[in-house]
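Q: Residue numbers (UniProt numbering), protein chains in the order written: chain A, 1 to 368; chain B, 1 to 368; chain C, 1 to 368; chain D, 1 to 368.
Protein chains: 4
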Amino acid sequence: MSHNSFGHLFRVTTFGESHGPAIGCVVDGTPPGLALDEAALQRDLDRRRPGQSRHTTQRREPDAARILSGVFEGRTTGTPIAVLIENTDQRSKDYSEIAAKYRPGHADYTYDAKYGLRDYRGGGRSSARETATRVAAGAIARAVLGPAVIVRAALVQVGGDRLEVPREAWDWDEVGRNPFFCPDAATAARWGDLMDAVRKAGSSVGAVVQVEAEGVPPGWGAPLYGKLDQDLCAALMSINAVKGVEIGAGFAAAALSGEDNADEMRPGPDGGPPVFTNNHAGGILGGISTGQTVVARMAVKPTSSILTPRRTVTRDGAASEIVTKGRHDPCVGIRAVPVAEAMMACVLADHKLRHRGQCGADGGEAPP
Amino acid sequence: MSHNSFGHLFRVTTFGESHGPAIGCVVDGTPPGLALDEAALQRDLDRRRPGQSRHTTQRREPDAARILSGVFEGRTTGTPIAVLIENTDQRSKDYSEIAAKYRPGHADYTYDAKYGLRDYRGGGRSSARETATRVAAGAIARAVLGPAVIVRAALVQVGGDRLEVPREAWDWDEVGRNPFFCPDAATAARWGDLMDAVRKAGSSVGAVVQVEAEGVPPGWGAPLYGKLDQDLCAALMSINAVKGVEIGAGFAAAALSGEDNADEMRPGPDGGPPVFTNNHAGGILGGISTGQTVVARMAVKPTSSILTPRRTVTRDGAASEIVTKGRHDPCVGIRAVPVAEAMMACVLADHKLRHRGQCGADGGEAPP
Amino acid sequence: MSHNSFGHLFRVTTFGESHGPAIGCVVDGTPPGLALDEAALQRDLDRRRPGQSRHTTQRREPDAARILSGVFEGRTTGTPIAVLIENTDQRSKDYSEIAAKYRPGHADYTYDAKYGLRDYRGGGRSSARETATRVAAGAIARAVLGPAVIVRAALVQVGGDRLEVPREAWDWDEVGRNPFFCPDAATAARWGDLMDAVRKAGSSVGAVVQVEAEGVPPGWGAPLYGKLDQDLCAALMSINAVKGVEIGAGFAAAALSGEDNADEMRPGPDGGPPVFTNNHAGGILGGISTGQTVVARMAVKPTSSILTPRRTVTRDGAASEIVTKGRHDPCVGIRAVPVAEAMMACVLADHKLRHRGQCGADGGEAPP
Amino acid sequence: MSHNSFGHLFRVTTFGESHGPAIGCVVDGTPPGLALDEAALQRDLDRRRPGQSRHTTQRREPDAARILSGVFEGRTTGTPIAVLIENTDQRSKDYSEIAAKYRPGHADYTYDAKYGLRDYRGGGRSSARETATRVAAGAIARAVLGPAVIVRAALVQVGGDRLEVPREAWDWDEVGRNPFFCPDAATAARWGDLMDAVRKAGSSVGAVVQVEAEGVPPGWGAPLYGKLDQDLCAALMSINAVKGVEIGAGFAAAALSGEDNADEMRPGPDGGPPVFTNNHAGGILGGISTGQTVVARMAVKPTSSILTPRRTVTRDGAASEIVTKGRHDPCVGIRAVPVAEAMMACVLADHKLRHRGQCGADGGEAPP
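What follows is the structure, encoded as structure tokens:
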């Protein structure tokens, strides 16, 4: 048990505070012989990096990932891969207000309640900065999954404004072109206006992220407490500010009839595995992948750090007010998109190895 | 790692198939000296038991729980508590159709894909029957939590019909009186009509369950991958047919502004801990309990077993059709209510012990 | 984490007290499709069963193992296998002395110190009776290992009397013929005389068990904290009354020179894997199997329950004396032989699956 | 599960290769509020450091530990503590021989067999260099244990030459003064002569280390698979070159009678806890601490790297010979002394927290 680790056979441990010397992670269980270098990590890290549009925080951090172990001559060795990201943009500033008062919606109060003290500089361990290490781990997970499994995410709602383009009309290339990871250019433009208004008002908004995996073969996941959807939900819920997670039809399934919700099965082409007429299940039945696209969504709450004063209390329990100044994302959901991908990749990598461990590569096992 | 266990210091392992000789669980890590007997387990089991109204399956199983170990002279000893529930109502019937064909929405296909074989009798391990062992474990968890922490759940939506009574007007006594665990008698009556129509149509509907815990002190949960909300979501998502989970405002938070979503803090009465003006957070900030009521909701999909024929394939890949006969709950969400309570109780018991392990009873620690 | 579980991918959880209704285990992670039935478990259980010679306790327990789950039509399904062994020979007797006084060398005092109470009937959870469940789990582990891996153990020392027959002259068939699991008939006869004297004197003696596995391929085990020898030592040390464990040359290695201790390598026959000139390493280098026979030994202390009075204290701290009456093994090391086999089989089964999970069946992995 | 982690509530994950950029560890679960700084780590690291006498390798590495996270203003925060030790003395040298041939007694062959490739520079991950990170973790564990628990180790055998001074005549101050961690000056001098001869001969010898903990209260450890002795044995066996571990009387207990092995109990002074007349048990009964001194010993094999040529094979399976040149400890057991202390400290810290988690500070628990 470790409060700062997740996964079993592909196991990630992260460490570090927002304003300490460095953050990082140790990834244990990576199979040997996989091609891996720092550039692969950097590609994903750059997508999460702040300061890339006017819609995210203007903090500038190169987020340069350094591999300290576990890779030799460009290949993984099977030993733990440690990744270090130095903290470079730690502005020396006055933290006395945040040290003395609890910011509503932040972890300030609960860390103090639990531990009796906290590293208040920039939110310490509870800062979203830690998600950079998840993205690094996710890049390693992609190497484990190989090219056959594609994990990608998109933003599908900003504040109350939902993407209305149907799933089959999404343009995944567009996701890489606009600052919202939005699969539709027109919607992205609309969200740009919305965000400008939010920023001007000193306010913030929430968002919904959809993350998918194509190419997952049937059989990953394990009943009853190693379910693929269970682990996926836990992984997404562990991301800062996430308040809800759903698989496939999700909450909407509650309102469907059994007939409408059924994903009927048909013989697959060329004698291959069966196909499904629909995917309300989100690619998972009984906790095990069906071979369809795995689909999850997560709801991200509006950024708690806003310019409007909020009532709060001091560490000593006195009534007070607080305005969170500084450089904050008015919609943390945007930069959560590559983080959601990373978490899904990590969960899938873990289950790939777990399935192989228990069932061999193809499921089942010849009797001894 | 165990695919059939959950929790860390309070750890539950379940076993058993729907039509095998018995199902059961082993609960490890229960503190010693707690009063516990079979009657305490039976009270919760009886709430989940089938056949108690016309709205649930007419299968009759006494679900009598027998404690095999870990309790001596009415008190827990600190050793593992094994609970056994014999399967008594295993009708000898013809399983040849379910053996040969995949029921859409069930785990039949994925179990076969993963394991190469499956115990098809009554769904085997994937049957909701397993949740009886969770309820037994939950009763033990309640003993760990003690009377100060109250865990209870209610149904808040059946099909598309939501409970409209505001939370503060709920009648928890009513929850025990109607067959829907509904905190409002009028709504329960309406749902009764709705369910009659569903049953008559040979159809099924989904539901949404809300589960809450009062009396959780601040400080339970642990960043970053032992978050209370993360573990809670995983536990709820592991329940059969659950497709979505949310904490506090959940998905609705995405559409709120930062101002509206903020739970402001005020000095507590009599110099006690601070109070919050609202509870969008659902009692959890940064993965750690705030001292407010912990609030989660889960979406349950409509029962997959319906009387309307659905297209499917046989094990050999041939096109076919299937009608799931037999005694099934037309809304599995109803009997999921006590299961949701049990899972929340287990997660909280685990975190109570984990918090005490790392931080002592009160958080913090005197320096050595 | 579970105090009553061991293993990772092949994970065993045991429960039960000596004089409760039953003891048992849940084995999680068994690959699907393996042939398994109760007879396979019974074969190993019968070797551990008490009352089979005058040298072991005369308690009579059929130790009939019942499989409750995880096996369908004679094959494992991949779901947890629960095994139940009812306690039948619980003589109703007077436990007041053992309840009130601490037996030296027993866990009575430490259980009370830890838990504040204990199930004192027959030693409760600390009774060697629990090892029956390990033997059942070991039989399942053998199914996982298949016929290519042979795990077997022998007694090599009783009290101060060591087996002097060199390893290459052992007769494994003889192990099954004498009551000491001794690979030499003459030595067994000598030990019979020694044990008669010990029993007559109301005394007890210790023993040393050697356990071996042939057919383990190179590559099982994992640096640095999943080492095969580490897990093996932990598993053997968890057996009641074991006070020391060693691998290969063990403690004797400390006195060897580097030259003498070196297991030199030579090209294998027919271009096969290399062979070693010796096996001081006990088949493990760097925590990973070499392909040689895995060799471990464990020291078992003399039975603490003896007929000679020993000084002790009561629960209330008063000076007292105690004589442990009842039916006890004068040398618990004898019946520990099949238990040692079971523990080694479980550890190897776990590492077989773990190796396959991380490295595939053959080690290494094609780059993606 | 993680191959490179140990412990549960106090959990250590290590990473790094001998000749990579750095080695390090992440310690998760440290209680908050403990005084800790880099100097505390350095004190223990300096005791393990090479090049401090002519009897250890002349490699020079400052082994400067840098704390990257988890400590704020001189106190632990409860978040993971990452420690980084840069590798500075990586001589650029020719590794072609070690890359192409397997050194007998080393992990070269097994790493290749398992992973298909290995970082051969200086032994990579299998180098004893990794033990520096264990010592750093051990220093953090000491902070968790506080001043009431004293963990210390001594060398009690070098090659075939045992320390003959009885335990009660040991001089712990002398341990810090001679290069052998020997509690007797005369023996240390004798070992100095022995080691000079060994070094001159280009040979190596093994050793035995005794490690003890005073001040452990009764009640730490947990039956049946979280036994204190089991975890201790696993932790010591995980140290490079260790081939045997024993607790208390250990292997010698096998030759004792039940009467002689019994640690009788007497009323404690001033109504305090009972005292024992002896400590054959090594401070542990039934896997739980008794309150006596916890005593363990481990056997370290002779260094495999010797100047005498040994026969081996190449990666391609051809017959060859190898002489391990370079700077090696002729007795790795010497520098293993502080490592043994560190491992025992880590295990005890873990069990302190685990005991508190399950049983509260004092064992037992008031009924709810």
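Every residue, glycine too, gets a C-beta built ideally from N, C-alpha and C.
Per DSSP, what kind of secondary structure is residue 200 of chain B in: helix, strand or coil?
A: Here residue 200 of chain B sits in helix by DSSP.
Q: Give me the residue from B/316, B/151, B/200 and B/357 with the minimum Cα distance to residue 339 of chain B.
A: Nearest of B/316, B/151, B/200 and B/357 to residue 339 of chain B, Cα basis: B/151.
Q: Taking only runs of the beta strand (DSSP E) that begin and end inside the stretch 260-306 of chain A, which ones reach a length of at least 3 residues, in chain order?
A: With a minimum length of 3 residues, the continuous beta strand (DSSP E) runs that stay inside the stretch 260-306 of chain A are 294-300.
Q: In whole angstroms, give me the CA-to-CA distance for residue 110 of chain D and residue 219 of chain C.
A: One C-alpha to the other measures close to 6 Å.
Q: So residue 357 of chain B contacts chain D; which residues on that side make the cut at Cβ distance below 7 Å?
A: Within 7 Å Cβ-Cβ: 9, 353, 354, 356 and 357.
Q: Mind checking the stretch 26-48 of chain A against chain D and listing, in chain order, the residues whose C-beta falls within less than 7 Å of any C-beta there?
A: The stretch 26-48 of chain A vs chain D, Cβ under 7 Å: 26, 28, 29, 32 and 33.
Q: In angstroms with no decimal places, state the Cα-to-Cα distance between residue 198 of chain A and residue 170 of chain B.
A: Spanning the two alpha carbons is a distance of roughly 36 Å.
Q: Please classify residue 191 of chain A as buried or exposed, where buried requires at least 16 other C-beta atoms within 10 Å of its C-beta.
A: Buried.
Q: Measuring CB atoms only, is the stretch 308-322 of chain D touching the stretch 248-256 of chain D, in the sense that at least three cross pairs come out at less than 8 Å?
A: Judged by Cβ distances under 8 Å, the stretch 308-322 of chain D makes no contact with the stretch 248-256 of chain D, as fewer than three pairs qualify.
Q: Note the first and the last residue of the continuous beta strand (DSSP E) segment covering residue 310 of chain D.
A: Note, residue 310 of chain D: beta strand (DSSP E), 310-313.
Q: Going by Cα to Cα distance, which pick from B/64, B/121 and B/30 is closest to residue 69 of chain C?
A: If we check each option's Cα against that of residue 69 of chain C, B/121 comes out closest.
Q: Quick one: is residue 4 of chain A near chain D, going by C-beta distance under 7 Å?
A: Yes, its Cβ sits closer than 7 Å to a Cβ of chain D.
Q: Short of 7 Å in beta carbon distance, which residues of its chain neighbour residue 221 of chain C, apart from the five on each side in sequence? Order them along the chain.
A: Only 227, 228, 284, 287, 288, 289 and 351 meet the Cβ criterion.
Q: Taking the straight line between their C-alpha atoms, what separation do you get for residue 167 of chain B and residue 1 of chain D?
A: Taking the straight line from one Cα to the other gives about 42 Å.
Q: What does a CB cutoff of less than 6 Å around residue 71 of chain A pick up in its chain, not counting 5 residues either side in sequence?
A: Here the set comprises 36.
Q: How many Å lie between residue 265 of chain C and residue 305 of chain D at the Cα?
A: One C-alpha to the other measures close to 15 Å.
Q: Using the beta-carbon of each residue, which ones in chain D are nearer than 9 Å to residue 360 of chain B?
A: Within chain D, the residues near residue 360 of chain B are 31, 356 and 361.
Q: Can you tell me the Cβ-Cβ gap for residue 296 of chain A and residue 247 of chain A, rounded? I've got them flagged as a contact below 8 Å.
A: Contact holds; Cβ gap of about 5 Å.
Q: I'd like to check one pair, residue 360 of chain B with residue 353 of chain D: are the Cβ atoms closer than 7 Å?
A: Cβ distance not < 7 Å, so residue 353 of chain D and residue 360 of chain B don't count as in contact.
Q: What does residue 401 of chain B touch in chain A if you count any residue whose Cβ is under 7 Å from its own?
A: The structure shown has nothing for residue 401 of chain B, since chain B only spans 1 to 368.
Q: If you drop the 5 nearest sequence neighbours on each side, which residues of the same chain put their C-beta closer than 7 Å to that of residue 372 of chain C?
A: With chain C represented from 1 up to 368, any question about residue 372 of chain C goes unanswered, as that position is not in the structure.
Q: Nearest-angstrom Cα distance between residue 331 of chain C and residue 161 of chain C?
A: Their backbone Cα atoms lie some 13 Å apart in a straight line.
Q: Does residue 82 of chain C come within less than 7 Å of chain B when only Cβ atoms are used?
A: It does; some Cβ of chain B falls within 7 Å.
Q: Which of the three DSSP states is assigned to residue 28 of chain C in this structure?
A: Strand, per DSSP.
Q: Out of C/29, C/147, C/179 and C/236, state which residue places its alpha-carbon closest to the alpha-carbon of residue 82 of chain C.
A: The residue with the shortest Cα to Cα distance from residue 82 of chain C is C/29.
Q: According to a CB-to-CB cut-off of less than 7 Å, which residues of the stretch 13-24 of chain B neighbour chain C?
A: Correct list: 13, 15, 16, 17, 20, 21, 22 and 24.
Q: Quick check: the Cα distance between residue 53 of chain D and residue 179 of chain D, rounded to an integer number of angstroms?
A: Those two C-alpha atoms are separated by around 6 Å.
Q: Compare the C-beta of residue 127 of chain A with all C-beta atoms of chain B and state if any pair is closer than 7 Å.
A: Not one chain B Cβ lies under 7 Å of residue 127 of chain A.
Q: Please state if the CB of residue 149 of chain A and the CB of residue 209 of chain A are separated by a distance shorter than 7 Å.
A: Cβ atoms of residue 209 of chain A and residue 149 of chain A: not closer than 7 Å.
Q: Quick one: is residue 60 of chain C buried, meaning 16 or more other Cβ sit within 10 Å of its Cβ, or exposed?
A: Exposed, because fewer than 16 other Cβ atoms sit within 10 Å of the Cβ of residue 60 of chain C.
Q: Show which residues of chain A have a CB atom less than 9 Å away from the CB atom of residue 274 of chain B.
A: Within chain A, the residues near residue 274 of chain B are 102, 109, 312, 313 and 317.
Q: Is there a Cβ from chain D that is less than 7 Å from the Cβ of residue 119 of chain A?
A: Yes, its Cβ sits closer than 7 Å to a Cβ of chain D.
Q: In chain C, which residues lie less than 8 Å from residue 221 of chain A when you measure between Cβ atoms?
A: Simply none; closest approach about 12 Å.
Q: Restricting to runs no shorter than 3 residues, where is the beta strand (DSSP E) found entirely within the stretch 167-244 of chain B?
A: Taking only runs of at least 3 residues, the beta strand (DSSP E) segments lying wholly in the stretch 167-244 of chain B are 207-214.
Q: Using a Cβ cut-off of 7 Å (strictly closer), state whether residue 96 of chain B contacts chain C.
A: By this cut-off, residue 96 of chain B is not an interface position.
Q: Since residue 240 of chain C and residue 128 of chain C are thought to touch, with beta carbons under 8 Å apart, how far apart are those beta carbons, to the nearest angstrom?
A: Confirmed, Cβ separation roughly 5 Å.
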